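Worksheet: the structure to be examined is printed underneath.
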Amino acid sequence: MTLIERDHLLAHIQDLIRDHGTLRVLGQILKLKLMRRRTKRVMHLPLNPHIRRDIGCPLRIYRLIRSNFFKGLAHPRAIATCQQLGHKERMLDDDTEIHPLFEGAPKTTEFKKLRKRLLRKTREAIEHYGMIEPGARWLVCLSGGKDSYTLLAVLYELKWRGLLPVDLIACNLDQGQPGFPATVLPEFLERMQVPHRIEYRDTYSVVMDKTPAGRTFCALCSRLRRANLYRIAREEGCSAVVLGHHRDDVLETFFMNLFHGGRLATMPPKLVNEDKDLFLYRPLVHVAEQDCQAFAKAMNYPIIPCDLCGSQDGLQRQQVKAILDGWEANHPGRRNVLFRALTNARPSHLLDSKLFDFLGLALDPQCE
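For the sequence shown, this note's numbering gives the first residue as 28, with consecutive numbering after it.
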């Protein structure tokens, strides 16, 4: 590598740092240098090609980073440059530095594995379903339940590490439910230094007034809540509303549609609203409910129960959940298999002619 190429590379590393807001690249370099000393083997920098395209990194520079930079040719100057920029080195495997939302986290190996699993699966879903848009701003919906706390913590951890280049704002919609602790979430978000908005809308009275006796509240409640969240997202200049639905929610919705709706459908990880001006994301779709529950319990987050729908017995979702629990108890890992099936659909082996052109099937004349 010539001096000109090295200076060019260092200049581009500065651009990488500014764009990502972190030393993710240099963190990987340091880790690879240590591995190289131990193994005496040549290692390559795992800079994702998708990141290269997203930030407009030229292919030649990308190859220089991969093949040469880890050798330490410009390492001292790179570290000095980073120090001038005021950044701190944050590697994914460094457990000594975590986001304030993880303050007070257990130091056990089991919890560290849980945290990394949550980060990995969430990032996997975000990248796989293309949730990151240039200049994006996300409205992260926080209900006070275990799932939304997990969502908020994981997203801010990814952002803090430079792996989620979007602006985040937390939002709680107080729907006027009796006994709702209105001060819990504002105090929590202030303490964690999370930008937020608390909105009060009495949808509880509307739901109770409009829902016939013996019917569930969920449908009307969710529609009113969603409409208000879309409104808040527009007012805050957000491009997406982010919800905390996890893998088990996806499976339960699939079987509810199968048993009661007569269709193969579930919660999509990404969709566009009816007005075509907002995305709706579910980054936790690959995360198991038990992981969310274990995480929230370990972090001792102030959980707020849902007294509106949670007070109703005999809900279809509860029945489906009991069925899935029974399958999982008899055949451990069954939920993983079911979820994998949702990602492996074959329209030609179903019966919906709108998805596959059965009428267009024909034999190959050359085989006659």
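Every residue, glycine too, gets a C-beta built ideally from N, C-alpha and C.
Nothing here was measured: the structure is a model prediction, and the numbers come from that model.
Cβ shell of residue i (< 6 Å), same chain only, five flanking positions each side left out
| i | result |
| --- | --- |
| Leu365 | Leu278 |
| Leu307 | Val268 and Leu298 |
| Val234 | Phe244, Leu247 and Cys248 |
| Gln202 | Thr230 and Tyr231 |
| Arg361 | Trp354 and Glu355 |
| Ala349 | none |
Residues near residue i by beta carbon distance below 8 Å, same chain, minus five either side
| i | result |
| --- | --- |
| Ala132 | Ile125, Phe138, Arg142, Ala325 and Met326 |
| Leu305 | Tyr257, Ala260, Arg261, Cys265, Ser266, Ala267, Val268 and Val299 |
| Leu377 | Leu291 and Phe383 |
CB contact below 8 Å: residue i versus chain D
| i | result |
| --- | --- |
| Val347 | Of the chains in the structure shown, none is chain D; there is only one protein chain. |
Residue i versus the options, residue with shortest Cα-Cα distance
| i | options | result |
| --- | --- | --- |
| Arg164 | Pro192, Arg150 and Lys140 | Pro192 |
| Ser175 | Gln343, Thr135, Asp276 and Thr136 | Asp276 |
| Arg252 | Ile331, Gln345 and Cys168 | Cys168 |
| Gly387 | Cys394, Ser375 and Gln393 | Ser375 |
| Phe282 | Lys186, Leu195 and Val347 | Val347 |
Residue i beta carbon near the ligand MG (any heavy atom closer than 7 Å)
| i | result |
| --- | --- |
| Tyr308 | Annotation note on the ligand MG: not contained in the displayed structure, which lists no ligands. |
Endpoints, beta strand (DSSP E) assigned at residue i
| i | result |
| --- | --- |
| Tyr410 | In this structure the chain extends from 28 to 395, so residue 410 is not present and cannot be described. |
| Asp201 | Asp194 to Asp201 |
| Phe306 | Phe306 to Tyr308 |
| Ala164 | In the sequence as presented, Ala is not what sits at residue 164; that position holds Arg. Start and end: Arg164 to Cys168. |
| Val299 | Lys297 to Val299 |
| Ala389 | No beta strand (DSSP E) contains Ala389, which DSSP labels as neither H nor E. |
| Ala267 | Ala267 to Val269 |
Residue range of the alpha helix (DSSP H) that includes residue i
| i | result |
| --- | --- |
| Lys148 | Thr136 to His155 |
| Val181 | Lys173 to Trp187 |
| Phe244 | That residue, Phe244, is in no alpha helix (DSSP H); it is neither H nor E in DSSP. |
Status (buried if at least 16 other CB within 10 Å, exposed otherwise) for residue i
| i | result |
| --- | --- |
| Lys237 | exposed |
| Tyr227 | exposed |
| His223 | buried |
| Glu184 | buried |
| Gln204 | buried |
| Ala389 | exposed |
| Thr293 | buried |
Sequence-distant residues of the same chain with beta carbon closer than 7 Å to residue i, five excluded per side
| i | result |
| --- | --- |
| Glu160 | Ser266 |
| Gly328 | One detail in the question is off: residue 328 reads as Tyr in this sequence, not Gly. The answer, listed in chain order, is Tyr176. |
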